[in-house]
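Each remark here refers to the structure printed beneath this line.
Residue numbers (this note's numbering): 372 to 1292.
Structure representation (structure tokens):
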């Protein structure tokens, strides 16, 4: 990117970078038009591997940022940046949200977050923060801004690393200084009427005419001030020039447009007017007409104070500010935007303000600018300013001071009356000993606050009267205000307005019930817009369950982004302690009962939720494994320790189904009639399986076929049962009276063997030796076959061969015997040598690690690194990604099993022990 930060922004960027690294968030509070967005672009340029989500509020500001792309990067948006308009994001679909969260942004930029409304913040930025809690935050705002959303301000509170005022920006050259400036009160009638009403509201005796005299002087001074029609041509001197008329709001433009056009025509009848109908001046057809118009006379472009104004319009000769209020912040914003639109060059500014207080805004800015310039060593500090209403403004300030003093006098009288009378329920004609008509004054304050009478009663004065216990015109209004103050305090103390229903504050006020009451009125449409906005400004959640649902959904979405599914076990708890498995189960139940909204269903389906209960799905998966077994072997006589190639414990599952059907009162599982029917189709045998009886029947059948029971030791039936070894054990049990042979089995066995003569039996010791050796040979053949198929003897402990032999257990027993019982028959020297010949690993842990290392080495040779995804598996099914992760964990935790020798071997093939976020992805 082609960026060149000025000295001020370069210094701010250095502070931002340090704060983001240390604290994870930073805020820059620089004036409108000072180029603070360049700081964010520099952050993007310095972190090409990081991902950014850039949040703006409104299409006009989004257009501004797209213009930045044209200016700094040839119109190509960097691939690691995603622009999001909060208003559009609040209406995004579930799939769009998940696609955004899947980018796992390293940084989120909140561009001019003071502009966003509370409702929009909750549906956009707050959701994004829940989905991406690890992202670093950069806020861009203006100094001393009025925040529309308390939550946005709280998020970045205390994170300001660079602050610059408008005067400082002008002194340092970041913003141009007006070449000339003049402010006029226009229109004048409204303010004079307001002053007259404020004097009247004091109910002063007719003999006290000080305020009236001051008011008369102000009226005279206003009439004597230079006529605006004479002043305007001296400030905006180009009679053929193009001028920008910036209105404070859309409504004010509609209200005052005709009078303003008449005023400007009285100055120059040849003036031409244009109206920019869209937020972005660069996209307005009317602006193009304005810029190309060739008719004689001045041209004036009307537009509203929005971010879209902050784009230079070629050829502007000056600006007119048309303000409804006298707010200093609004004045500075409008002035800065006008200067930017005029091409960041000194131009004259004519300020028409409808409030006396607005006349002082320019004066304060000039002092601020002069101070900053002197500090910077300028020889010509400040900027030229016409003061046509100097006398009027001076007299207004005197009158304002007197009015405030008189109000304070009435207030002190009210304090004394409250102390004396014990209440402020005073009669309308109540007069103090000093002659002040306090009763009438209190009633006037009530009417002014109710909007039934003109006057001025700000929040500070209301609070002072509240403290005295004044009862306003409607007691319900007073009660609401007190409750709102309690809610605001709760928000300050707890960080939210999720107040428990039974909560009472220290004064005993039932705040929880009040919050619920206001939610109900909001839902029913009975809460005024003013109260809605005030509550939203302090973070009101209109549906508490929705807010909790949002937090839970965010946890589910993060799980999905990490695991690519929502197959969380019922007992699964997230690292921060949230019972996600239980919540997902509750959502499936809510879906079944019809308790989820369409939006919630859509959002859950976007992250892959399966509405079928997890236990039901698992049962079906096991059933499919049983079905496959039946297709392969022709029956469901599954050995209890049988495990399918893909890891399903089918033997245990079949046994559990049988036990559950036979003992429903003792089992937590269920075999429904539908499930039983499914298993019946596969030939399930529900009677209790008796392996002894099965082998006895086979022995009897053998006797019938061969005429004797001289079964070879290695004889195996068609079903894979080792009949010879079984029969040998039964003879031993019968001869020695072994209790493992049940009484009923003993009688059956005696009947079967009664025809045998003892003399024909082999000596017990010799028979035992032959049997052990034969069994060992059979087991060795199974091990040899495994080695030929797998290339090693690292047999899993639960591995069972196709004929039901538990080879994994036998291998484990061999290793244990050699270690603890070296004189065992199982590990004679001859046996050891034969096992060594087929690749026996006597220390399985070392062998398994070496085998895993071989997989890692092959991966590194093929890919050039050792950064397999966490879910990566080799062709033979080995989970290399998980193994590499466990090695890193062992390294961090200093696990002694990860020896220096192993660390060295891993280093040789490019092991990275600590990963940055991108590498983890």
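Every residue, glycine too, gets a C-beta built ideally from N, C-alpha and C.
Sequence-distant residues of its chain with Cβ nearer than 8 Å to residue 887 (five each side left out)
Shown here for residue 887: same chain residues with a beta carbon closer than 8 Å to its own, the five before and five after excluded, namely 872 in chain order.
Does residue 1285 pass the burial test, meaning 16 or more other C-beta atoms within 10 Å, or should it be called exposed?
That one is exposed.
Using a Cβ-Cβ cutoff of less than 6 Å, which residues in the same chain neighbour residue 498 once the five nearest sequence positions on both sides are dropped?
Excluding positions up to five away in sequence, the list is empty.
Please classify residue 721 as buried or exposed, where buried requires at least 16 other C-beta atoms within 10 Å of its C-beta.
It counts as buried.
Excluding sequence positions up to five away, which residues of its chain have a Cβ less than 7 Å from the Cβ of residue 567?
Correct list, in chain order: 586.
Since residue 963 is in the alpha helix (DSSP H), which residue starts that stretch and which ends it?
Residues 951 to 964.
To the nearest angstrom, report how far apart residue 424 and residue 434 are at their CA atoms.
The alpha-carbon atoms of residue 424 and residue 434 are separated by roughly 16 Å.
What residues are listed by DSSP as bridge partners for residue 662?
Its beta-bridge partners do not exist; DSSP assigns none.
Which same chain residues end up closer than 7 Å to residue 1055 when comparing Cβ atoms and leaving out the 5 residues on each side of it in sequence?
Apart from sequence neighbours up to five positions away, the residues of its chain that approach residue 1055 with a beta-carbon distance below 7 Å are 1007, ordered along the chain.
Element boundaries [alpha helix (DSSP H), containing residue 1217]:
Taken as a continuous stretch (DSSP letters only), the alpha helix (DSSP H) holding residue 1217 covers 1215 to 1234.
Span of the alpha helix (DSSP H) around residue 634:
Element bounds for residue 634: 621 to 638.
So residue 411 and residue 509 are supposed to be a Cβ contact under 8 Å. How far apart are they, rounded?
Right, the Cβ-Cβ distance comes to about 6 Å (below 8 Å), so this counts as a contact.
Roughly how many angstroms lie between the CA atoms of residue 419 and residue 468, to the nearest whole one?
Put simply, the backbone Cα of residue 419 is about 23 Å away from that of residue 468.
Taking all protein chains shown into account, do 16 or more other C-beta atoms lie within 10 angstroms of the C-beta of residue 710, making it buried, or fewer, making it exposed?
By the beta-carbon neighbour count (other beta carbons within 10 angstroms, threshold 16), residue 710 is buried.
Exposed or buried, residue 415, counting other C-beta atoms within 10 Å across all chains shown (16 or more means buried)?
The residue in question, residue 415, is buried, as its Cβ has 16 or more Cβ neighbours within 10 Å.
Excluding the 5 residues preceding and the 5 following residue 479 in the sequence, name in chain order all residues of the same chain whose CB lies nearer than 6 Å to its CB.
Setting aside the 5 residues that flank it on each side, residue 479 is surrounded in the same chain by 424, 506 and 508, each with a C-beta closer than 6 Å to its C-beta; the list follows chain order.
Considering only their Cβ atoms, is the gap separating residue 546 from residue 404 smaller than 8 Å?
In this structure, residue 404 places its C-beta atom within 8 Å of the C-beta atom of residue 546.
Span of the alpha helix (DSSP H) around residue 763:
Per DSSP, residue 763 belongs to the alpha helix (DSSP H) from 761 to 792.
List the endpoints of the continuous alpha helix (DSSP H) containing residue 874.
Residue 874: not part of any alpha helix (DSSP H); DSSP gives it neither H nor E.
The beta strand (DSSP E) with residue 533 in it runs from where to where?
Run containing residue 533: 531 to 534, per the beta strand (DSSP E) assignment.
Opposing strand residues paired with residue 1238 [DSSP bridges]:
Residue pairing of residue 1238 in beta bridges, as defined by DSSP: absent, with no partner found.
Within 10 Å of its beta-carbon, does residue 401 have 16 or more other beta-carbons around it, so buried, or fewer, so exposed?
In summary, residue 401 is buried, with 16 or more beta-carbon neighbours lying within 10 Å of its beta-carbon over all protein chains present.
Confirm, please, whether the CB-CB distance from residue 774 to residue 785 is below 8 Å.
Residue 785 places its beta carbon 8 Å or farther from that of residue 774.
For residue 818 and residue 800, the rounded distance between their alpha carbons
Using only the alpha carbons, I get a separation of about 16 Å.
Can you find a CB in chain C that lies within less than 8 Å of the CB of residue 1162?
Going by chain labels, chain C is absent from the structure shown, which holds only one protein chain.
Taking the DSSP output, what are the residues bridged to residue 643?
DSSP output for residue 643 lists 670 as bridge partner(s).
Going by the CB atoms, is the gap between residue 673 and residue 628 shorter than 8 Å?
Yes, these two residues count as a Cβ contact at 8 Å.
Are three or more beta carbon pairs between the region 744 to 761 and the region 550 to 563 nearer than 8 Å?
Output reads yes: the region 550 to 563 touches the region 744 to 761.
Segment contact flag, the region 519 to 538 with the region 716 to 733, C-beta cutoff 8 Å, min 3 pairs:
In this structure the region 519 to 538 does not lie against the region 716 to 733, because fewer than three pairs of beta carbons, one per stretch, are closer than 8 Å.
Are three or more beta carbon pairs between the region 738 to 745 and the region 557 to 573 nearer than 8 Å?
Contact annotation: the region 738 to 745 does not touch the region 557 to 573, with fewer than three C-beta pairs closer than 8 Å.
Candidates 1012, 895 and 1050: which alpha carbon is nearest residue 1023's?
If we check each option's Cα against that of residue 1023, 1012 comes out closest.
Evaluate the contact criterion for the region 608 to 627 versus the region 673 to 685: three or more CB pairs, one atom per stretch, below 8 Å.
Enough Cβ pairs lie closer than 8 Å, so yes.
Taking residue 1017 as the reference, which of 1091, 783 and 1247 has the closest Cα?
In terms of CA proximity to residue 1017, 1247 leads the group 1091, 783 and 1247.
With residue 716 as the anchor, note down where its beta strand (DSSP E) starts and where it stops.
For residue 716, there is no enclosing beta strand (DSSP E), as DSSP gives it neither H nor E.
Rounded to whole angstroms, what is the Cα-Cα separation between residue 516 and residue 485?
Rounded to whole angstroms, residue 516 to residue 485 spans 7 Å at the Cα level.
Say whether the region 449 to 457 touches the region 489 to 504, bearing in mind that this needs 3 or more beta-carbon pairs closer than 8 Å, one atom from each stretch.
Inter-segment contact for the region 449 to 457 and the region 489 to 504 is present: three or more beta-carbon pairs are separated by less than 8 Å.
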